[in-house]
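Here is the structure we will look at, set down as C-alpha coordinates.
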Amino acid sequence: MDIIEKIIEIEYRMFDKVNEGGARASCQDDKETFYAMRRCQFTAWNEAMRESYLEDLICAEEAGFNLVTEKYARMMKYTAPAEYAQIEGLLRPVTAEKEELVNQIHAISMEWSRQLHRQYPHIASGGRSLDDDETSQFGGTSISTYLRGELLTYSENTLSAYLAWQKVLLEKGENMDQAILEATVKLYGFASLAEAESYHRQ
154 MDIIEKIIEI EYRMFDKVNE GGARASCQDD KETFYAMRRC QFTAWNEAMR ESYLEDLICA
214 EEAGFNLVTE KYARMMKYTA PAEYAQIEGL LRPVTAEKEE LVNQIHAISM EWSRQLHRQY
274 PHIASGGRSL DDDETSQFGG TSISTYLRGE LLTYSENTLS AYLAWQKVLL EKGENMDQAI
334 LEATVKLYGF ASLAEAESYH RQ
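Adding 153 to a residue's 1-based position in the sequence shown gives its number in the numbering used here.
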(Lines of atoms letter the chains of each structure in order from A; the text may use other names.)
(Lines give C-alpha, C1' and ligand atoms only; values in the text may rest on other atoms or scores of the structure.)
Protein backbone atom coordinates (compact mmCIF):
# COMPACT_ATOMS: atom_id res chain seq x y z
CA MET A 154 0.00 0.00 0.00
CA ASP A 155 1.48 3.39 -0.95
CA ILE A 156 1.63 6.37 1.39
CA ILE A 157 -1.48 8.08 -0.05
CA GLU A 158 -3.57 4.98 0.50
CA LYS A 159 -2.25 4.69 4.06
CA ILE A 160 -3.22 8.30 4.74
CA ILE A 161 -6.72 7.91 3.34
CA GLU A 162 -7.28 4.63 5.15
CA ILE A 163 -6.63 6.28 8.51
CA GLU A 164 -8.61 9.38 7.56
CA TYR A 165 -11.59 7.27 6.60
CA ARG A 166 -11.49 5.40 9.90
CA MET A 167 -11.66 8.79 11.62
CA PHE A 168 -14.34 10.12 9.25
CA ASP A 169 -16.40 6.99 9.85
CA LYS A 170 -16.39 7.69 13.60
CA VAL A 171 -17.45 11.34 13.41
CA ASN A 172 -20.63 11.88 15.42
CA GLU A 173 -22.07 15.37 15.55
CA GLY A 174 -24.96 14.35 17.75
CA GLY A 175 -27.54 13.79 15.03
CA ALA A 176 -28.20 11.12 12.44
CA ARG A 177 -25.21 9.66 10.64
CA ALA A 178 -24.39 11.65 7.48
CA SER A 179 -24.93 9.74 4.22
CA CYS A 180 -21.48 10.76 2.97
CA GLN A 181 -19.93 8.74 5.79
CA ASP A 182 -21.10 5.58 4.02
CA ASP A 183 -19.78 6.68 0.61
CA LYS A 184 -16.28 5.30 1.03
CA GLU A 185 -15.54 5.28 -2.69
CA THR A 186 -16.15 9.00 -3.13
CA PHE A 187 -14.23 9.83 0.05
CA TYR A 188 -11.20 7.90 -1.18
CA ALA A 189 -11.40 9.46 -4.65
CA MET A 190 -11.67 13.05 -3.45
CA ARG A 191 -8.90 12.74 -0.88
CA ARG A 192 -6.66 10.98 -3.41
CA CYS A 193 -7.04 13.99 -5.73
CA GLN A 194 -5.81 16.24 -2.93
CA PHE A 195 -2.82 14.20 -1.83
CA THR A 196 -1.50 13.59 -5.34
CA ALA A 197 -0.87 17.36 -5.49
CA TRP A 198 1.26 17.22 -2.33
CA ASN A 199 4.95 16.38 -2.29
CA GLU A 200 6.49 13.48 -0.42
CA ALA A 201 7.63 15.53 2.58
CA MET A 202 4.06 16.73 3.18
CA ARG A 203 2.60 13.26 2.83
CA GLU A 204 5.15 11.65 5.13
CA SER A 205 4.66 14.27 7.83
CA TYR A 206 0.87 14.15 7.64
CA LEU A 207 0.87 10.36 7.82
CA GLU A 208 2.89 10.68 11.02
CA ASP A 209 0.31 13.18 12.34
CA LEU A 210 -2.48 10.68 11.66
CA ILE A 211 -0.64 7.72 13.19
CA CYS A 212 0.22 9.68 16.35
CA ALA A 213 -3.33 11.00 16.68
CA GLU A 214 -4.87 7.58 16.21
CA GLU A 215 -2.53 6.01 18.75
CA ALA A 216 -3.51 8.75 21.23
CA GLY A 217 -7.20 8.16 20.54
CA PHE A 218 -7.64 11.59 18.93
CA ASN A 219 -9.81 12.10 15.85
CA LEU A 220 -8.39 14.75 13.50
CA VAL A 221 -11.52 14.76 11.31
CA THR A 222 -13.71 15.51 14.32
CA GLU A 223 -11.30 18.28 15.25
CA LYS A 224 -11.49 19.71 11.72
CA TYR A 225 -15.27 20.04 11.90
CA ALA A 226 -15.02 21.48 15.41
CA ARG A 227 -12.55 24.12 14.22
CA MET A 228 -14.94 25.17 11.44
CA MET A 229 -17.59 25.93 14.03
CA LYS A 230 -15.62 29.01 15.10
CA TYR A 231 -16.98 30.61 11.93
CA THR A 232 -20.18 28.68 11.23
CA ALA A 233 -21.50 28.32 14.80
CA PRO A 234 -19.51 30.65 17.10
CA ALA A 235 -21.76 30.24 20.14
CA GLU A 236 -21.48 26.45 20.05
CA TYR A 237 -17.76 26.70 19.34
CA ALA A 238 -17.21 28.77 22.48
CA GLN A 239 -18.59 25.86 24.50
CA ILE A 240 -16.15 23.29 23.06
CA GLU A 241 -13.05 25.39 22.38
CA GLY A 242 -11.50 24.37 25.69
CA LEU A 243 -11.67 20.71 24.67
CA LEU A 244 -9.52 21.26 21.59
CA ARG A 245 -5.76 21.14 21.47
CA PRO A 246 -4.20 24.58 22.03
CA VAL A 247 -2.87 26.38 18.94
CA THR A 248 0.57 27.94 19.30
CA ALA A 249 1.41 31.36 17.86
CA GLU A 250 3.84 29.65 15.47
CA LYS A 251 1.14 27.30 14.22
CA GLU A 252 -1.34 30.15 13.78
CA GLU A 253 1.19 32.08 11.70
CA LEU A 254 1.90 29.09 9.46
CA VAL A 255 -1.83 28.53 8.95
CA ASN A 256 -2.36 32.19 8.09
CA GLN A 257 0.42 32.17 5.48
CA ILE A 258 -0.77 28.91 3.86
CA HIS A 259 -4.38 30.08 3.94
CA ALA A 260 -3.53 33.36 2.20
CA ILE A 261 -1.67 31.63 -0.65
CA SER A 262 -4.33 28.96 -1.12
CA MET A 263 -7.17 31.49 -1.13
CA GLU A 264 -5.42 33.48 -3.85
CA TRP A 265 -5.09 30.26 -5.86
CA SER A 266 -8.80 29.61 -5.34
CA ARG A 267 -9.66 33.12 -6.52
CA GLN A 268 -7.58 32.54 -9.65
CA LEU A 269 -9.54 29.35 -10.34
CA HIS A 270 -12.86 31.15 -9.87
CA ARG A 271 -11.76 33.75 -12.43
CA GLN A 272 -10.41 31.24 -14.94
CA TYR A 273 -12.97 28.45 -14.52
CA PRO A 274 -16.05 30.16 -13.03
CA HIS A 275 -18.57 27.44 -13.90
CA ILE A 276 -16.59 24.61 -12.32
CA ALA A 277 -15.26 26.58 -9.37
CA SER A 278 -18.60 28.14 -8.46
CA GLY A 279 -20.33 24.76 -8.48
CA GLY A 280 -19.10 23.87 -5.00
CA ARG A 281 -18.33 25.81 -1.86
CA SER A 282 -18.36 29.62 -1.89
CA LEU A 283 -14.98 31.26 -1.48
CA ASP A 284 -15.35 32.97 1.88
CA ASP A 285 -19.03 33.47 2.64
CA ASP A 286 -20.31 30.76 4.96
CA GLU A 287 -23.91 31.94 4.58
CA THR A 288 -24.14 31.44 0.82
CA SER A 289 -22.21 28.20 0.54
CA GLN A 290 -24.08 25.26 -1.01
CA PHE A 291 -22.39 22.71 1.28
CA GLY A 292 -23.71 23.02 4.80
CA GLY A 293 -22.88 26.70 5.09
CA THR A 294 -19.12 26.11 5.05
CA SER A 295 -16.96 28.16 2.67
CA ILE A 296 -13.64 27.20 1.12
CA SER A 297 -11.93 29.61 3.50
CA THR A 298 -13.49 28.11 6.63
CA TYR A 299 -13.03 24.50 5.51
CA LEU A 300 -9.38 25.12 4.65
CA ARG A 301 -8.60 26.84 7.93
CA GLY A 302 -10.33 24.07 9.89
CA GLU A 303 -8.28 21.39 8.17
CA LEU A 304 -4.96 23.24 8.39
CA LEU A 305 -5.37 23.65 12.14
CA THR A 306 -5.39 19.86 12.56
CA TYR A 307 -1.92 19.53 10.99
CA SER A 308 1.27 19.55 13.05
CA GLU A 309 3.71 22.44 12.74
CA ASN A 310 6.06 20.09 10.88
CA THR A 311 3.37 19.28 8.29
CA LEU A 312 2.43 22.95 8.00
CA SER A 313 6.08 23.91 7.47
CA ALA A 314 6.38 21.32 4.69
CA TYR A 315 3.10 22.58 3.19
CA LEU A 316 4.25 26.21 3.13
CA ALA A 317 7.63 25.24 1.68
CA TRP A 318 5.90 23.36 -1.17
CA GLN A 319 3.57 26.29 -1.83
CA LYS A 320 6.60 28.57 -2.20
CA VAL A 321 8.22 26.15 -4.67
CA LEU A 322 5.03 26.13 -6.73
CA LEU A 323 4.75 29.92 -6.60
CA GLU A 324 8.30 30.19 -7.94
CA LYS A 325 7.31 27.89 -10.80
CA GLY A 326 4.07 29.77 -11.45
CA GLU A 327 2.00 26.71 -10.56
CA ASN A 328 -1.22 26.43 -8.57
CA MET A 329 -1.73 23.47 -6.22
CA ASP A 330 -5.49 24.03 -6.07
CA GLN A 331 -5.62 23.85 -9.86
CA ALA A 332 -3.78 20.52 -9.81
CA ILE A 333 -6.34 19.17 -7.34
CA LEU A 334 -9.28 20.45 -9.40
CA GLU A 335 -7.78 19.01 -12.59
CA ALA A 336 -7.41 15.60 -10.96
CA THR A 337 -11.01 15.86 -9.81
CA VAL A 338 -12.52 16.65 -13.22
CA LYS A 339 -10.48 13.86 -14.81
CA LEU A 340 -12.01 11.54 -12.24
CA TYR A 341 -15.37 12.43 -13.76
CA GLY A 342 -14.23 11.68 -17.29
CA PHE A 343 -13.11 15.08 -18.57
CA ALA A 344 -9.81 15.36 -20.40
CA SER A 345 -9.00 18.78 -18.98
CA LEU A 346 -10.29 21.71 -16.94
CA ALA A 347 -11.07 23.56 -20.17
CA GLU A 348 -13.27 20.69 -21.35
CA ALA A 349 -15.06 20.50 -17.99
CA GLU A 350 -15.59 24.27 -17.96
CA SER A 351 -17.04 24.20 -21.47
CA TYR A 352 -19.40 21.36 -20.50
CA HIS A 353 -20.69 23.15 -17.40
CA ARG A 354 -21.08 26.42 -19.31
CA GLN A 355 -23.83 24.89 -21.44
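C-beta atoms are modelled at their ideal positions from N, C-alpha and C, and glycine is treated no differently.
Coarse secondary structure for residue i, derived from DSSP in three states
i	result
residue 170	helix
residue 295	coil
residue 322	helix
residue 158	helix
residue 327	coil
residue 356	This structure cannot speak to residue 356, because the chain is shown only from 154 to 355.
residue 238	helix
residue 262	helix
Cβ pair residue i, residue j closer than 8 Å
i	j	result
residue 228	residue 294	yes
residue 315	residue 240	no
residue 180	residue 336	no
residue 296	residue 350	no
residue 313	residue 254	yes
residue 102	residue 346	Because the chain is modelled from 154 through 355, residue 102 falls outside the range shown and cannot be assessed.
residue 220	residue 226	no
residue 222	residue 171	yes
residue 197	residue 332	yes
residue 195	residue 157	yes
Option nearest residue i by Cα separation, candidates the options
i	options	result
residue 207	276, 224, 221 and 160	160
residue 300	264, 324 and 322	264
residue 327	158, 277, 297 and 266	266
residue 155	200, 183 and 184	200
residue 246	157, 332, 306 and 318	306
Spatial distance of residue i from residue j (CA atoms)
i	j	result
residue 128	residue 165	Only positions 154 to 355 of the chain appear in this structure, which leaves residue 128 out of reach.
residue 250	residue 352	44 Å
residue 330	residue 261	10 Å
residue 248	residue 334	31 Å
residue 355	residue 230	38 Å
residue 184	residue 343	22 Å
residue 320	residue 216	32 Å
Could you tell me which whole alpha helix (DSSP H) segments of length 4 or greater appear in the region 188 to 253? As far as the region 188 to 253 is concerned, its whole alpha helix (DSSP H) runs of at least 4 residues are 200 to 215, 220 to 232 and 234 to 240.
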